[in-house]
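Take a look at the structure below.
Protein chains: 2
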Amino acid sequence: MTEIDKKRHSLSHLMSMAVQELYPNVGLGVGPTIENGFYQDYDLPAEALAKEGLLESLETRIREMIKKGIKFEQHDVDFDEAYKLCKNDPYKTELIDDLKARGEKHVSFYKSDWFENLCAGPHVDSAKEIDPNAFKLTHIAGAYWRGDEKNKMLTRIYGLAFDTKEELDEYLKNQEEAKKRDHRVIGKDLGLFVFSDLVGKGLPTFGPKGATIKRILERFTTDEELKRGYHHVITPDLAKVDLYKKSGHYPYYKDTMYPVMKIDEEELILRPMTCPHHFMFYKSEPHSYRDLPYRIGEIAHQYRYEKSGELSGLTRVRMFCLADAHIITAKDQAKQVIKEVLELIDFINEALGITKGIDYRYRLSLGDRSDTKKYYKDDTSWDYAENVLREVLTETKAPFYEATNEAAFYGPKIDIQVKKISGNEETAFTVQYDFVMPERFDLSFTNKEGKPERPIVIHRSSIGCLERTMAFLIEHYAGNFPLWLSPVQVKVIPVRESHNAYAQEVYDLLKENGIRAEVDLEDENLGKKVRAAKNERIPYWVVVGDKEVESKEITLESREGQKTESLSHQKLLNLLQKEIKEKK
Amino acid sequence: MTEIDKKRHSLSHLMSMAVQELYPNVGLGVGPTIENGFYQDYDLPAEALAKEGLLESLETRIREMIKKGIKFEQHDVDFDEAYKLCKNDPYKTELIDDLKARGEKHVSFYKSDWFENLCAGPHVDSAKEIDPNAFKLTHIAGAYWRGDEKNKMLTRIYGLAFDTKEELDEYLKNQEEAKKRDHRVIGKDLGLFVFSDLVGKGLPTFGPKGATIKRILERFTTDEELKRGYHHVITPDLAKVDLYKKSGHYPYYKDTMYPVMKIDEEELILRPMTCPHHFMFYKSEPHSYRDLPYRIGEIAHQYRYEKSGELSGLTRVRMFCLADAHIITAKDQAKQVIKEVLELIDFINEALGITKGIDYRYRLSLGDRSDTKKYYKDDTSWDYAENVLREVLTETKAPFYEATNEAAFYGPKIDIQVKKISGNEETAFTVQYDFVMPERFDLSFTNKEGKPERPIVIHRSSIGCLERTMAFLIEHYAGNFPLWLSPVQVKVIPVRESHNAYAQEVYDLLKENGIRAEVDLEDENLGKKVRAAKNERIPYWVVVGDKEVESKEITLESREGQKTESLSHQKLLNLLQKEIKEKK
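In order, the protein sequences belong to chains U and E.
Under the working numbering, the residues of the first sequence are numbered 375 to 958, in order.
Under the working numbering, the residues of the second sequence are numbered 375 to 958, in order.
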């Protein structure tokens, strides 16, 4: 347990003391540390929950205990003593039963002042070690004892805790910002996507604006990959279940796969991934070393039945679109291929305004030679593959860290770890080194000596799952997309109805030149129309009044408050087209 | 029965006479007319099938009977007489049993010379009416008696027959051409798509070249629709089965729908069409008359489980991509909306090189007021809708014909009837007028008076199902795609290895300017490399030798045998880019 986790866990004990000071015989459920803090379950009486300011008064009491320097002292007791210490608490008593059943010899307790708690620890030695201003009790929720809805519902009190007040404040600020930038909220406000109960959970419908962003991202990725020598294919969304049995995905991924559809003589299933499709395509004709590395790419629909509790806006959906690719290559080309892939990822991220070293870094996820259940047994291949990945990351000076026991079944991988507005880091997608599937699918190429040779496969994404990337971008930009990604790029706003004709003319000019424009012909005052454009986060608007009608010149106003005056039609187009091309 | 069908049916009798001259007691199965000809089933002895030149000798004998002017005379007999006439033929006897069971009073026979055949007719009066050179016996196949595999396998002899020899020759020529242009053959030759047993029947994988064509068609259609004011959305491939129950598709289309997938509390199903998704999207926010016509478009994956016997290359598949749209409009705008739609279809077809009046025409498919089972009962709406469609076709001077009893359940439609290389006409896609779904989904808009009003819906496609359109284009162009659709547009061919560097330079130039190019650096002689480019149907190639390396000028050779010499790099690019833009 890290030092901060010790503090968090100790805070949970202090909170329990504060609770039992108020309600002496209250039973204690579980109380682990979690990311950024801790929680503890209590069998609180109804009156406690009705009490106003409960969390604040507990906080105050905890601060006093910290100042007092309450100690945490571990001691082992035998089972008789353990049952005695917990005789008023049916939950702790049940936990002692479990320990006994597991054949433990004694039971660990922590004593703090009058408080004796069944606990394996560890804890800080003294509460003095905790900064009294670096924690906060945040909220209360219901939780079934042991997570089983047949059991009693207990009260869970959540707390945040950090080493310093600054860290806590930073975290709270990020949370506040994340709330404002929540892609589900902005997505709704800007009309990017909707969900419908009748359609089904986790199945978004992208409205015209959301679809525009998705289409731009899709075309951008496809075109860039084609430029870089990828062969883009289109494979079907479903296939015979036999295909996924051959690849080993079924039943391995069965938990999140849709059920088999039986018709006539066939058993079909929606695909959870594209790998076996791409391997079958590679096998549809013979290949020589001159074809390698053979890069098969696709923007592919994929289907996973996530539990409804895990669904969340566009971040976790039941059908998604992955910019997927499988690069079939000779083993000795692997290093170069992975370098190319990281270069592509960096290129795409840069275009999206996602900065390496700040918004994302790499994680080298390694296997565990001793765990032959989780990882395919082939020590030599693992050593070779892990070295290749490490060398690439080192040679390209990529910001990365290593993590053991995070690899795929079939080989090590590089995870692209992005930092969300909330401060949380998550794996956006991965670059995987695979020496197992080429065997399973009997992939082969003719080498320089004219002999058949076994290639290896690099699985990779370049922009990830489009839904998830969109969710990230919405939050990253708080809906203020750069010009090239904005669903509506320019809004033309006539001052009065008499200016409508010229406004329409400017609108037509923009449309004809491929600018995504709108013209606001509503019978509203100018201020209201400009406010609407701002609320829609439109990057630019053009106000058309008497002056503009007469001079045929244009003033371009930006979302960021800039004004560019006296633009000719051509200059307006040049300015916009340049910015779109530069993806700024 | 039309005159040509009488001839076809009479030929089948003459064929039976010729057969029974050779094998007197041979039993006769069914013998109907079919498109372009006829067939007749026989219980032929094995020796007959082993005989060489059977069809030719039958043809000769039929021609003699035609010259002789064999007569066809109908007469009714009672059942006793009927059984007597067919006493040697167990199949005809079985048919007489059926007639008797059905309560018929007498049985119709046709007598020709010595031949008495159980037959309802009609026939020509004399064989003289038949052109002896306008028919041809084509092939033999096996067929179970009454189509039941538990019955005896009979021998089916097929024949073609037309009014004139010219028509027969034309038909045979078209068939020959259609065979050569079969998209399944060309698709394989050019590496456009592959099928795999392990993936599943009717589920094509598009290789890089096929995917390129599909991508171009998709982007072209989407961009054109966006220009024309369509709102392109992206809706999920599957939904709760309740959605399709609400729309009435389930269980109505159940036969070709994939089975329901039950997981947890949900029942999901792959969508057979997008309509309900688009309606749900329309309903996700309120609309006023100012939003109408509201055009919702999508290039949508759709899923239908066609019977394996009906699958055919890209023409009939189990998952496809439809350029679908639903235009929600006030009733009084319907005419204008349909005009716009036909204009878009004409525009897209013209770009694809499909000529109105030659390659396609329109069919106005009408309902039947008396068939309330097949058609939604609402005479006024039917009258109104059919008139609107007829008026549009008439006013726009579109080539069309009317067909009764071909409408959709929910309203009349205009079918886009394309003519295939084989001469067969088929419905590529439709424009439908729907006054039923708006009721079912309670679609609404606020009219000028501020009151809620019910819109109507126009269902339409603009380029159809992309797989099917690709199949059509492959056959239409025999693989010689125009430049803008060609997967590889230019191939650069160095004469010798010493020219490779400059060839690579030209290739890079083309690629950088968005031309889909390849460079052939194989160690082969020039002739072989040029032949390869021709076989791949590449529209242009550039041969690079000493002269080109020195002058830096380029000679462009075309698939059609043209040569354009002394092109500077810029002129080469201009020439290609102009042709691509013009879609010639």
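Note that beta-carbon positions come from the ideal geometry of N, C-alpha and C, so glycine has one too.
Straight-line CA distance for residue i to residue j?
{"i": "E/T938", "j": "U/D808", "result": "49 Å"}
{"i": "U/K524", "j": "U/Y632", "result": "28 Å"}
{"i": "U/G477", "j": "U/D452", "result": "12 Å"}
{"i": "U/E910", "j": "U/G838", "result": "27 Å"}
{"i": "U/M527", "j": "U/K562", "result": "34 Å"}
{"i": "U/P578", "j": "U/L685", "result": "11 Å"}
{"i": "U/E641", "j": "E/T689", "result": "23 Å"}
{"i": "U/F536", "j": "U/L542", "result": "6 Å"}
{"i": "U/F803", "j": "U/I701", "result": "16 Å"}
{"i": "U/I830", "j": "U/H850", "result": "36 Å"}
{"i": "U/N410", "j": "E/R593", "result": "47 Å"}
{"i": "E/I954", "j": "E/R558", "result": "26 Å"}
{"i": "E/V862", "j": "E/A891", "result": "6 Å"}
{"i": "E/H675", "j": "E/L428", "result": "50 Å"}
{"i": "E/A475", "j": "E/L696", "result": "49 Å"}
{"i": "U/D789", "j": "U/S739", "result": "7 Å"}
{"i": "E/L941", "j": "E/P856", "result": "21 Å"}
{"i": "U/G741", "j": "U/T648", "result": "23 Å"}
{"i": "E/L644", "j": "U/G565", "result": "26 Å"}
How far does the alpha helix (DSSP H) with residue i in it reach, from first residue to last?
{"i": "E/Y626", "result": "H623 to Y626"}
{"i": "U/T596", "result": "P582 to K601"}
{"i": "U/K921", "result": "D920 to S925"}
{"i": "E/Y545", "result": "K539 to R555"}
With distances taken from CA atoms, which of the options is nearest residue i?
{"i": "E/M375", "options": "E/R435, E/G405 and E/H497", "result": "E/H497"}
{"i": "U/E430", "options": "U/D563, U/Y397, U/R890 and U/G533", "result": "U/G533"}
{"i": "E/Q394", "options": "E/R435, E/E892, E/H480 and E/G427", "result": "E/R435"}
{"i": "E/I608", "options": "U/D665, U/V568, U/H606 and U/T538", "result": "U/V568"}
{"i": "E/K381", "options": "E/F446, E/K425 and E/L402", "result": "E/F446"}
{"i": "E/E639", "options": "E/D882, E/H651, E/T630 and E/V615", "result": "E/V615"}
{"i": "E/P868", "options": "E/I637, E/D897 and E/L857", "result": "E/D897"}
{"i": "E/W519", "options": "E/N491, E/E550 and E/Y465", "result": "E/Y465"}
{"i": "E/P826", "options": "E/H661, E/L738 and E/S860", "result": "E/H661"}
{"i": "U/H513", "options": "U/P773, U/E426 and U/N779", "result": "U/E426"}
{"i": "U/R905", "options": "U/A699, U/I928 and U/S932", "result": "U/S932"}
{"i": "E/E886", "options": "U/D415, U/K601, U/E468 and U/N491", "result": "U/K601"}
{"i": "E/F815", "options": "E/D499, E/P582 and E/G622", "result": "E/G622"}
I want to see whether chain E comes within less than 8 Å of residue i, judged by CB atoms only; does it?
{"i": "U/D611", "result": "yes"}
{"i": "U/G838", "result": "no"}
{"i": "U/L617", "result": "yes"}
{"i": "U/E640", "result": "yes"}
{"i": "U/F580", "result": "yes"}
{"i": "U/L817", "result": "no"}
Does any residue of chain U bring its CB to less than 8 Å from the CB of residue i?
{"i": "E/P826", "result": "no"}
{"i": "E/K620", "result": "yes"}
{"i": "E/I608", "result": "yes"}
{"i": "E/A585", "result": "yes"}
{"i": "E/K636", "result": "yes"}
What are the boundary residues of the beta strand (DSSP E) that includes residue i?
{"i": "E/K865", "result": "V864 to P868"}
{"i": "E/D808", "result": "E799 to D808"}
{"i": "E/C695", "result": "M693 to T703"}
{"i": "U/E717", "result": "Here U/E717 belongs to no beta strand (DSSP E); instead the alpha helix (DSSP H) covers A708 to L726."}
{"i": "E/R669", "result": "Y668 to Y677"}
Measure from the C-beta of residue i to each C-beta in chain C and report whether the shortest distance is under 8 Å.
{"i": "U/P633", "result": "Absence of chain C from the displayed structure is noted, the protein chains being U and E."}
Using a threshold of 8 Å, state whether the C-beta atoms of residue i and residue j are closer than that.
{"i": "U/T595", "j": "U/I673", "result": "yes"}
{"i": "E/L511", "j": "E/F483", "result": "no"}
{"i": "E/P773", "j": "E/K713", "result": "no"}
{"i": "U/V805", "j": "U/F846", "result": "no"}
{"i": "E/Y663", "j": "E/F819", "result": "yes"}
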